[in-house]
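K.L.:
From first to last, the protein sequence lines are chains A and B.
FYI, the numbering for the first sequence is 47 to 245, going by this note's numbering.
FYI, the numbering for the second sequence is 47 to 245, going by this note's numbering.
Protein chains: 2
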Amino acid sequence: MYPISVRMQGKKVVVAGGGKVASFKVALLLEEGADVTVVSPEAVNEIRQWAEKGKLKWISRQIEISDCEDAFLIIAATDNPELNEKLAQNAKPNQLVNVITNPEKGNVHFPAALKRGKLLIAVSTEGASPKLAKKIRNDLAKLYDDSYEEYLEFLNECRVLIKSKGLEKAAKNKLLLEILQDEFRESEEKRRKFLESLN
Amino acid sequence: MYPISVRMQGKKVVVAGGGKVASFKVALLLEEGADVTVVSPEAVNEIRQWAEKGKLKWISRQIEISDCEDAFLIIAATDNPELNEKLAQNAKPNQLVNVITNPEKGNVHFPAALKRGKLLIAVSTEGASPKLAKKIRNDLAKLYDDSYEEYLEFLNECRVLIKSKGLEKAAKNKLLLEILQDEFRESEEKRRKFLESLN
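#1: Pull out every residue of the segment 220 to 243 of chain A whose Cβ sits closer than 7 Å to any Cβ of chain B, in chain order.
#2: Which residues in chain B sit within 8 Å of I121/A, going by Cβ to Cβ distance?
#3: The segment 151 to 170 of chain B: which residues have C-beta closer than 7 Å to a C-beta of chain A, in chain order?
#4: Pick from T147/A, T171/A and G152/A: whose alpha carbon is nearest that of A158/A?
#5: Determine whether the Cβ of E172/A lies closer than 7 Å to any Cβ atom of chain B.
#6: Going by the CB atoms, is the gap between F118/A and K71/A shorter than 7 Å?
#7: Are at least three pairs of beta-carbons, each pair with one atom in the segment 149 to 169 of chain A and one in the segment 180 to 199 of chain A, less than 8 Å apart?
#8: Please report how far the alpha carbon of E115/B lies from the alpha carbon of L142/B, in whole angstroms.
#9: Can you list the alpha helix (DSSP H) stretches of 4 or more residues lying completely in the segment 195 to 228 of chain A, in chain order?
#10: Which of helix, strand or coil does DSSP assign to V72/A?
#11: Would you mind working out which of P87/B, N245/B and L226/B sits nearest K177/A, comparing C-alpha positions?
#12: Evaluate N219/A with the Cβ neighbour count: other Cβ atoms within 10 Å of its Cβ, from every protein chain shown; 16 or more gives buried, anything less gives exposed.
#13: Can you list, in chain order, the residues of its chain whose CB lies under 6 Å from that of K151/A, leaving out five sequence neighbours each side?
#14: Could you give the uninterrupted runs of the beta strand (DSSP E) lying entirely in the segment 72 to 104 of chain B, keeping only those of 3 residues or more?
#15: Under 7 Å, do V82/B and I93/B count as touching if we go by C-beta distance?
#16: Should G100/A go down as buried or exposed, given a rule of 16 or more other Cβ atoms within 10 Å for buried?
#17: Since P127/B is in the alpha helix (DSSP H), which residue starts that stretch and which ends it?
#18: For chain B, check one thing: does any of its Cβ atoms lie closer than 7 Å to the Cβ of R183/A?
#19: How close, in whole Å, do the beta carbons of A62/B and I109/B come, if the pair is a contact with beta carbons under 8 Å?
#20: Against chain B, does K71/A count as a neighbour if the rule is that its beta carbon must be under 7 Å from one of theirs?
#21: The alpha helix (DSSP H) that contains N26/B, what's its start and end?
#22: Could you work out which residues of chain A lie near K99/B, taking near to mean beta carbons separated by less than 7 Å?
#23: I need the straight-line Cα distance from D228/A to N148/B, nearest angstrom please.
#24: If you run the structure through DSSP and keep just helix, strand and coil, what is S170/B?
#25: Where does I109/A sit, in a helix, a strand or coil, going by DSSP?
#26: Could you check the C-alpha separation between K66/A and S106/A for me, to the nearest Å?
#27: Throw me the rounded Cβ distance for the I50/B and I50/A pair, which I believe falls under 8 Å.
#28: In chain A, which residues lie less than 8 Å from L142/B when you measure between Cβ atoms?
#29: Can you give the beta carbon distance from V60/B to D113/B, rounded, assuming they're within the 8 Å contact cut?
#30: Would you mind telling me which residues of chain A sit closer than 7 Å to K177/B, beta carbon to beta carbon, in chain order?
#31: Need the endpoints of the beta strand (DSSP E) that R162/B sits in, please.
#32: So which residues of chain B does E78/A contact, with C-beta pairs closer than 7 Å?
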């Protein structure tokens, strides 16, 4: 398996199934701005509410293969493993498919993810132990705490400013490395002074 | 950005450009069994050798948009940022595109990844600081050492055996949680005894 981060903004995602697992995946996808369609005769409250608010489209019937035709990502999350596998088998070669009931049947796994603003750490085990993936994610959440969110904004701002200066590669890299020191994450004053020195 | 792990086995990847960066990405993709085509008038030695050995296809000319037509993933890695962006602009909505020279122009980022057998930890920063992503990856490499490779094989073996027993959910989860204790990673004897108890 090959780890990538994908921009989901505007991408069509078809979710087969309207249970708790589907709803959990949908929440993350809506955050990323995906264009989500849920196809399921029943749906949990969250999904019904998102549909009412126009945040997603809910088609209240059993999924059909043609529903997935132009999907970028298909999430097969019904409680029927055979149906989920059938959706995976009928996907086009270039479509992304996650099969909740049996990830080996699809071509996409969802890692356990830790997000701190722009910092994203994703942990997966190729299905060997989803519980270990979650445990490692939780351990990393202590190590990489909330302070990273603001720190990443600082790093981003610095990067744009440093790039705009037209410096030689060595000088540029020196600055980009300097700001990796923990003191910049720990001290707002340090960050402010450094930004002033760049402006 | 949304982190996923993708099965690249047999997937068509078109790489525009034949330099060092292209070669580094290609190495990982070949490991994952992707069907790689490099299009570039020139290519570094590694790419030439892979082409000679039949591990990839090298087309020795400037890339054309039609080369990308049925690609699952396009890696725009020429030294010409305008050409790279043009490839991204002309990609179909559902194609995955990484633009090496300017990742914001594509829809895929490559995280800094740490692999220990089946364990995969991917770190990305939405481009805010690739250097921080690498630093965190290197810190994690010390924390999650080589011992995880064998440990993940053990966890996988246990999972298959535990699943095959037809236990109640609570009993199954108890066993799956028990093996997350560090002593199983640290002691081969502990692992052997546990596997014996399952068989």
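A virtual CB, placed ideally from N, CA and C, is assigned to each residue, including glycine.
It should be emphasised that the depicted structure is a prediction, and the values quoted were computed from it without experimental measurement.
P.N.:
Let's see:
#1: So the list reads L222, L223 and L226, given in the order they occur along the chain.
#2: Listed along chain B is no residue with a C-beta nearer than 8 Å to that of I121/A; the closest approach is about 11 Å.
#3: Residues of the segment 151 to 170 of chain B that bring their beta carbon within less than 7 Å of a beta carbon in chain A comprise N153, V154, H155, F156, P157, A159, K164, L165, L166, I167, A168, V169 and S170, in sequence order.
#4: Considering only alpha carbons, the answer is T171/A.
#5: Taking Cβ atoms only, chain B reaches closer than 7 Å to E172/A, which makes this a yes.
#6: Their beta carbons are not under 7 Å apart, which means K71/A does not touch F118/A by this criterion.
#7: With a cut-off of 8 Å, the segment 180 to 199 of chain A and the segment 149 to 169 of chain A count as touching, because enough Cβ pairs lie within range.
#8: Cα-Cα distance, rounded: 12 Å.
#9: Here the runs fully enclosed are 215 to 224.
#10: Under the three-state reduction of DSSP output, V72/A falls in the helix class.
#11: Closest option to K177/A, Cα to Cα, is L226/B.
#12: Residue burial annotation: N219/A is exposed, with fewer than 16 other C-beta atoms found within 10 angstroms of its C-beta.
#13: Once the five neighbours on either side are set aside, the close Cβ partners of K151/A are E131, A134 and V145.
#14: Counting whole runs of 3 or more residues, the segment 72 to 104 of chain B contains the beta strand (DSSP E) stretches 81 to 85.
#15: Taking 7 Å as the Cβ cut-off, V82/B and I93/B do not qualify as a contacting pair.
#16: Classified as exposed, G100/A has fewer than 16 neighbouring CB atoms from the shown chains inside 10 Å of its CB.
#17: Run containing P127/B: P127 to Q135, per the alpha helix (DSSP H) assignment.
#18: Chain B, which has no Cβ nearer than 7 Å to the Cβ of R183/A, makes this no.
#19: Correct: roughly 4 Å between the Cβ atoms.
#20: Interface annotation, K71/A: not in contact with chain B, CB-CB separation never under 7 Å.
#21: In the structure as shown, chain B starts at 47 and stops at 245, and residue 26/B therefore has no counterpart that could be examined.
#22: None at all; the shortest Cβ gap to chain A is about 21 Å.
#23: The straight-line gap from Cα to Cα measures roughly 27 Å.
#24: Looking at S170/B - three-state DSSP - the assignment turns out to be strand.
#25: Coil, per DSSP.
#26: Near 16 Å, if we compare the C-alpha coordinates of S106/A and K66/A.
#27: Distance from I50/B to I50/A at the Cβ level is roughly 6 Å; contact confirmed, criterion being Cβ atoms closer than 8 Å.
#28: Chain A residues near L142/B: I50 and V52.
#29: Taking 8 Å as the upper bound for CB-CB distance, V60/B and D113/B are in contact here, some 6 Å apart.
#30: Going along chain A in sequence order, the residues near K177/B (Cβ under 7 Å) are L222, L223 and L226.
#31: Start and end: A158 to R162.
#32: For E78/A, the C-beta contacts it makes with chain B under 7 Å involve Y48, in order along the chain.
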